[in-house]
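Q: Pasting a structure below so you can have a look.
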Amino acid sequence: MSQAHRSVHVLFHVPEGLEFVAKEEISRRLQLPAEETRYVEEPGAGRVQVMMDHSDLADIISILQDTPLSSVYDITLVATKVNIPLHVFNNADQTNEFISNITETTTWDPIVNGVRNAATTNNTSSSSSSSTDVPTFRATFRKGQLKHASKTQVLAGQVGFSFGKRYPDWKVNLEHYDHEVLATWTRQEKDGPITLLLGISLPVPDTRYRHRIHFGRTSLNPAIAYCLVQLADPQPGQVVFDMCCGTGTIPIEGAAAYPDAMWFGSEVKVKTLSEKAQGNVKHAGLTNVDLFLADGRQLCMRDSSVDIVISDWPWGLREGSFSTIQKLYPKFMRQIGRVLRSHGKAYIVTQGHKLFNRVLAYPWCKETWSVDKVISIGIGGYPVSLYMLSKKN
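Residue numbers (full-length UniProt numbering): 1 to 393.
Written out as structure tokens, the structure is:
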């Protein structure tokens with residue numbers, strides 16, 4: 001018999017800076033009773049919290065595992081939420097002791113039993129053990145944007161040690177584990193309280209492997225790509241283009257989410273296109289996406305043939321030197337200005353903020369483009385900007 005609880009608290013780890021997109025998808029797809037559910041996004045923190053009153057934990061777990069959420073990295077069932085006194089937070093030893101005590105005294109059984117029951121019927125768990133084996137776990141601590149004297153490994157160790165005292169039969173396994181005990185803290189306002197969250201991750205499919213089997217050094221996470229295409233929101237019949245598609249993540253995620261639009265991607269490296277990107281398209285089984293070999297500096301496309309451009313442009317040392325990249329951006333802007341229709345939209349991701357702003361300031365560029373919005377997002381721990389542009393008439 002399922003056990004009813006007064007409330008259920010769920011933490012969704014989502015792309016940083018795109019929490020508002022993830023929040024909309026979570027709300028739309030879960031379809032939980034509005035009068036009993038509260039959604040809280042944490043801008044820039046990569047978290048969306050959902051609090052449900054008078055909910056049945058087993059039912060919620062079933063809904064979470066049966067509902068595909070394309071913008072979510074992982075899901076944590078929160079066991080406790082408590083504020084850390086400021087004088088404790090400012091002292092490393094006291095912080096470690098506080099986290100250890102909270103972990104040991106938290107009421108874990110309802111969450112543990114719910115997740116254990118779910119794991120026995122869900123084959124997406126990262127372990128290979130059966131329900132009769134001794135459970136294995138690892139502890140993870142996510143500091144997020146809050147700096148602290150204690151190292152992340154030390155904080156995770158405090159959580160893992162104290163959780164192990166509560167469940168002495170469970171074994172620690174940092175690589176092949178059944179369950180992940182997660183701790184994180186947040187501060188939603190500059191001078192507001194520091195809140196500690198403790199919970200256990202719910203076994204769900206790893207988004208990194210969605211729709212793809214081939215990867216590149218700088219392949220975009222599909223959850224981020226999904227958020228980008230949701231922002232663009234192409235209409236039926238529109239043509240969407242990624243001029244630097246790499247392994248094809250953006251066109252593939254877009255084609256899966258918007259089957260009535262046509263998605264194109266171009267890539268300058270033959271091996272990346274022919275083996276990885278095309279292989280991913282075949283693996284995804286999509287028919288409304290087409291990838292081709294092209295150089296973004298001189299695109300082989302007709303003028304005004306594209307409605308929307310969504311692209312993650314080269315940035316960072318893995319993509320070449322700054323002197324190489326700075327020569328690309330002006331040529332890229334001229335090319336997408338040529339292939340986009342009047343009033344077309346462009347969504348460009350780059351870490352080269354100064355370079356991109358300098359290009360946008362060129363007289364010919366100012367005549368062509370309007371900057372609608374610039375959003376700060378996070379990719380792989382790096383601060384990156386998403387430029388949302390409109391082509392003038």
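Where is the CB? At the ideal position from N, CA and C, for every residue including glycine. On a predicted model such as this, the values are computed, not experimentally measured, just so you know.
Would a C-beta distance cut-off of 8 Å place residue 63 and residue 30 closer than the cut-off?
A: Their beta carbons are under 8 Å apart, which means residue 63 touches residue 30 by this criterion.
Q: Could you tell me which of 105, 208, 156 sits nearest to residue 74, measuring between CA atoms?
A: Ranking the options by Cα distance to residue 74, first place goes to 208.
Q: So, at 6 Å on beta carbons, what are the nonlocal neighbours of residue 258 in its own chain, with the 5 sequence-adjacent residues on each side left out?
A: These residues qualify, in order along the chain: 234.
Q: Quick one: what does DSSP say residue 167 is sitting in, helix, strand or coil?
A: Looking at residue 167 - three-state DSSP - the assignment turns out to be coil, as it is neither helix nor strand.
Q: For residue 20, which residues of its own chain have a beta-carbon under 7 Å away from its beta-carbon, when the five flanking residues on both sides are left out?
A: If we look at residue 20 and ignore the five residues flanking it on each side, its Cβ neighbours are 41.
Q: Pairing CB atoms from the region 134–153 with CB atoms from the region 80–88, are three or more of them under 8 Å?
A: Contact between the region 134–153 and the region 80–88 is absent, because fewer than three Cβ pairs lie under 8 Å.
Q: For residue 156, I'd like the list of residues in its chain whose CB is within less than 7 Å of its CB, leaving aside the five on either flank, ordered along the chain.
A: Counting only Cβ-Cβ distances below 7 Å, and skipping sequence neighbours, we find 139, 140, 141.
Q: Taking the CB atoms as reference points, tell me whether residue 312 and residue 268 lie closer together than 8 Å.
A: No; because the gap between Cβ atoms is not below 8 Å, this pair is not in contact.
Q: Is there contact here, the region 96–106 with the region 227–242, by at least three beta-carbon pairs under 8 Å?
A: Short answer: they don't touch.
Q: What is the DSSP secondary structure of residue 9, counted as helix, strand or coil?
A: Reduced to three states, the DSSP call for residue 9 is strand.
Q: Can you give the beta carbon distance from residue 310 to residue 379, rounded, assuming they're within the 8 Å contact cut?
A: Contact flag wrong, Cβ pair sits at about 14 Å.
Q: Have a look at residue 231 and residue 345 and give me their C-alpha separation to the nearest angstrom.
A: The straight-line gap from Cα to Cα measures roughly 11 Å.
Q: Going by alpha carbons, who is nearest to residue 246 out of 302, 272, 55?
A: Comparing Cα positions, the closest option is 272.
Q: Is it true that the CB of residue 221 sits closer than 8 Å to the CB of residue 248?
A: Result no, Cβ atoms of residue 248 and residue 221 do not sit closer than 8 Å.
Q: First and last residue of the alpha helix (DSSP H) that includes residue 137?
A: Taken as a continuous stretch (DSSP letters only), residue 137 belongs to no alpha helix (DSSP H), being part of the beta strand (DSSP E) at 136–142.
Q: Using only alpha-carbon positions, find the residue among 111, 229, 338 that is nearest to residue 388.
A: Of the listed residues, the one whose Cα sits closest to residue 388 is 229.
Q: Thinking just about the alpha-carbon of each residue, which of 304, 325, 203, 205 is nearest to the one in residue 238?
A: Comparing Cα-Cα distances from residue 238 to each of 304, 325, 203, 205, the minimum goes to 304.
Q: Apart from the five residues on each side of it in sequence, which residues of its chain come closer than 7 Å, Cβ to Cβ, to residue 286?
A: 252, 255, 256, listed in sequence order.
Q: Go through its chain and collect everything with a Cβ distance to residue 38's Cβ below 6 Å, but skip five positions before and after it.
A: Around residue 38: 51.
Q: Rounded to the nearest angstrom, how far is the Cβ of residue 76 from that of residue 199, given a contact under 8 Å?
A: Confirmed, Cβ separation roughly 4 Å.
Q: Is it right to say residue 68 is buried, meaning 16 or more other beta carbons lie within 10 angstroms of its own, or is it exposed?
A: So residue 68 ends up on the exposed side.
Q: Run through DSSP, which three-state label would residue 209 get?
A: The answer is helix: DSSP assigns residue 209 an H, G or I state.
Q: Per DSSP, what are the beta-bridge partners of residue 43 in this structure?
A: Residue 43 is not bridged to any residue.
Q: Below 6 Å CB to CB, which residues in the same chain sit around residue 338 once its five sequence neighbours on both sides are set aside?
A: So the qualifying residues of the chain are 303.
Q: Which same chain residues, not among the five before or five after residue 100, have their C-beta less than 6 Å away from its C-beta?
A: Correct list, in chain order: 158, 162.
Q: Report all residues from its chain with a CB closer than 6 Å to the CB of residue 53; omit the five preceding and five following residues, and keep chain order.
A: If we look at residue 53 and ignore the five residues flanking it on each side, its Cβ neighbours are 7, 36.
Q: Three-state secondary structure (DSSP) at residue 383?
A: If DSSP states are grouped into helix, strand and coil, residue 383 belongs with the strands.
Q: Use the C-beta contact count for residue 111: other C-beta atoms within 10 angstroms, 16 or more gives buried, fewer gives exposed.
A: Buried.
Q: Any idea what DSSP makes of residue 27, helix, strand or coil?
A: In this structure, residue 27 counts as helix in the three-state DSSP scheme.
Q: Rounded C-beta distance between residue 114 and residue 58? I'm assuming under 8 Å.
A: With a Cβ gap of about 6 Å, residue 114 and residue 58 count as contacting.
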